[in-house]
Amino acid sequence: MDEYIDIVTKEGNPTGKVALKSDAHKNGWYHNTIHLWLYTRKGEILLQQRSRKKKIYPLLWDVSTAGHIDAGEIFIEAALRETKEEIGLTLKPKHLHKIGTFLHETNYGDIQDNEFHQVYIAELTVDLNKLTPQKNEVEALKLVSFETFKKLLEQSETNQHFISTNKSYYSFIIKTIKEKLNI
40 MDEYIDIVTK EGNPTGKVAL KSDAHKNGWY HNTIHLWLYT RKGEILLQQR SRKKKIYPLL
100 WDVSTAGHID AGEIFIEAAL RETKEEIGLT LKPKHLHKIG TFLHETNYGD IQDNEFHQVY
160 IAELTVDLNK LTPQKNEVEA LKLVSFETFK KLLEQSETNQ HFISTNKSYY SFIIKTIKEK
220 LNI
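Our numbering numbers the first residue of the sequence shown as 40 and each following residue consecutively.
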């Protein structure tokens, strides 16, 4: 779905300009997205398998929920909205903890993806079977232990599980969640 998003500078500052997501990707304009990583107290991370319909990295496993921030929308609202849309989970702002902003600049043929990922974490307090994946966005969901996550990540160049170029980002996520849980 094409939506209007706010355009930012290469430094992440607002420009006051709004554009369609497709135009931002076609022209390489910088914009914001949210990433929300959900974890359990047992030391598991919720992974989302990208839909086979996705143009970029179909069927690879990635962040629990993610998406573009609509024009005029604040980051935390976008995180709550995307989580509800993609997996049917309702959270409150107090559940989310911002852990950083990551610049992602990648070319996928006709898409120049220049995004600032606004990254949050939150504890998943419902059973996996209570989540409802949105069919156009999410192929499947699974919980993996930190150990399994690390093993899959170590082999990401060959196992077609994760987006291999995001290795340092994924490592940061594991480290930060472990610190949050005092593990």
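Cβ atoms here follow ideal geometry from the backbone N, Cα and C, with glycine treated the same way.
What does the alpha-carbon distance come out to for the pair residue i and residue j?
i, j, result
"residue 194", "residue 97", "18 Å"
"residue 167", "residue 78", "11 Å"
"residue 59", "residue 125", "21 Å"
"residue 155", "residue 81", "30 Å"
"residue 43", "residue 108", "9 Å"
"residue 158", "residue 207", "14 Å"
"residue 50", "residue 179", "35 Å"
"residue 45", "residue 129", "25 Å"
"residue 52", "residue 140", "13 Å"
"residue 165", "residue 132", "17 Å"
"residue 55", "residue 171", "35 Å"
"residue 147", "residue 95", "7 Å"
"residue 184", "residue 192", "12 Å"
"residue 149", "residue 181", "31 Å"
"residue 93", "residue 110", "22 Å"
"residue 145", "residue 163", "30 Å"
Helix, strand or coil for residue i, going by three-state DSSP, please let me know.
i, result
"residue 89", "strand"
"residue 221", "coil"
"residue 149", "coil"
"residue 213", "helix"
"residue 77", "strand"
"residue 141", "strand"
"residue 161", "strand"
"residue 60", "helix"
"residue 156", "strand"
"residue 110", "coil"
"residue 95", "coil"
"residue 71", "strand"
If distances are taken between C-alpha atoms only, which option among the options comes closest to residue i?
i, options, result
"residue 127", "88, 133, 119", "119"
"residue 189", "90, 179, 201", "201"
"residue 67", "204, 185, 47, 55", "47"
"residue 152", "93, 204, 184, 69", "69"
"residue 186", "174, 213, 221, 196", "213"
Determine the burial state of residue i: buried for a count of at least 16 other Cβ atoms within 10 Å of its Cβ, exposed for fewer.
i, result
"residue 210", "exposed"
"residue 63", "buried"
"residue 106", "buried"
"residue 84", "buried"
"residue 136", "exposed"
"residue 176", "buried"
"residue 121", "buried"
Contact check, residue i vs residue j under 8 Å by CB: the rounded distance?
i, j, result
"residue 72", "residue 87", "The Cβ separation is near 14 Å, so there is no contact."
"residue 102", "residue 74", "5 Å"
"residue 216", "residue 100", "Going by Cβ atoms, the distance from residue 216 to residue 100 rounds to 16 Å, so no, they are not a contact pair."
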